[in-house]
Every structure is written in structure tokens, then in C-alpha cells.
Amino acid sequence: MKTNVLLLLFLSSTIMVLGQQQFPEMSPRAKVEQKVGFKTITVDYSRPSIRDRVIFGGLVPYGKKWRTGANDDTKITFSGSVLIKGDTIRSGTYSIFTMPNKKNWNFYLYDKNIGDWGGVPVDDPKIQIYPIQERSGMSLN
């Protein structure tokens, strides 16, 4: 009887330890923060893992708007107003969407439904920058 109780305690503690083990995320989350002048720009994203898949032109089709990143939408936060390609963007948090193409990408910022885990917004983006051209030594694939 005493042996059975000890065995039961040992097995239950082993199960509890294994239940608390954390495994690596399939799409690792990251956050990058950079000071630019007096302002801070923060990008919060999950990096899609390739796992034997073709991402651009495959999982993410060319010519279709994509909720950039994996899992939750990728967010960019500006601590103050910034100027991007002639457009003033107010401080705040925006969702990043992109449209990958073979030679360039379209880039969109949305200020509504931040953190909306799901599809592509149907409303107009806060800012639309296109195209971001491929440069020598840089690959968009």
C-alpha cells in the first residue's frame, strides 16, 4: 500500500512537471523598438515559419493583400507623428498589411480594428505606400 501511494505521488508530480513545459512557438513572436530622433517606433510581430512551404507566391499569393506576419496582425506604434512618403501619420498604433508581388510590395497601415485576429480590412487604409521596389542585394522572396 505504501509503495502504491509513493508510486502515485511520483507519477502525478511527473505529469505536473511535463504539463508546465513550454514548447517553442511555431511562429515566434518578436518586438523591435527603435529611437528615431525624439520618437520611438515599435514593431510587434510573429514571424511565419517556413516549415517546407513556399510563403510568397504560395501560402501568401502574389497580388493579394496579406495580414503581414503570422498569428495576430503585425502592429507598428509611433510615439509621435511621423512623415512617410509625404503623408503625416499621427502617433498611435497601426496594423500593417502588405501586398507582395514578384518585384515589389504594396504597404498599408490601418488604424481601426487593431489586434483583430483575422481577415483583411475592407475599409480604406490610413496610409498606402506602393510600391516598395526590390533593391540590388535584397530579395523579396
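Under my numbering, think of the first position of the sequence shown as 1026, with each following residue one higher. Backbone N, C-alpha and C define an ideal beta-carbon position, used for all residues, glycine too.
Is residue i helix, strand or coil when you go by DSSP?
i            : result
residue 1102 : strand
residue 1028 : helix
residue 1149 : coil
residue 1065 : strand
residue 1071 : strand
residue 1095 : coil
residue 1129 : strand
residue 1051 : coil
residue 1170 : The question about residue 1170 has no answer, for the chain in this structure spans 1026 to 1166.
residue 1082 : coil
residue 1164 : Residue placement at residue 1164 is flagged as unreliable, the pLDDT there being 47, under the threshold of 50; the coordinate-derived value follows with that caveat. It is coil, neither helix nor strand.
If you draw a straight line from the C-alpha of residue i to the C-alpha of residue j, how long is it?
i            : j            : result
residue 1074 : residue 1129 : 22 Å
residue 1047 : residue 1055 : 17 Å
residue 1117 : residue 1104 : 7 Å
residue 1057 : residue 1122 : 17 Å
residue 1150 : residue 1119 : 10 Å
residue 1112 : residue 1093 : 21 Å
residue 1109 : residue 1063 : 16 Å
Is the Cβ-Cβ distance between residue i and residue j less than 8 Å?
i            : j            : result
residue 1068 : residue 1101 : yes
residue 1070 : residue 1099 : yes
Only counting the same chain, and skipping five residues up and downstream in sequence, which positions put a Cβ closer than 7 Å to that of residue i?
i            : result
residue 1077 : none
residue 1052 : 1071, 1072, 1073, 1074, 1095, 1096
residue 1089 : 1124
Taking 6 Å as the limit between beta carbons, can you name the residues of its chain near residue i, skipping five residues before and five after?
i            : result
residue 1107 : 1114
residue 1084 : 1078
residue 1153 : 1133
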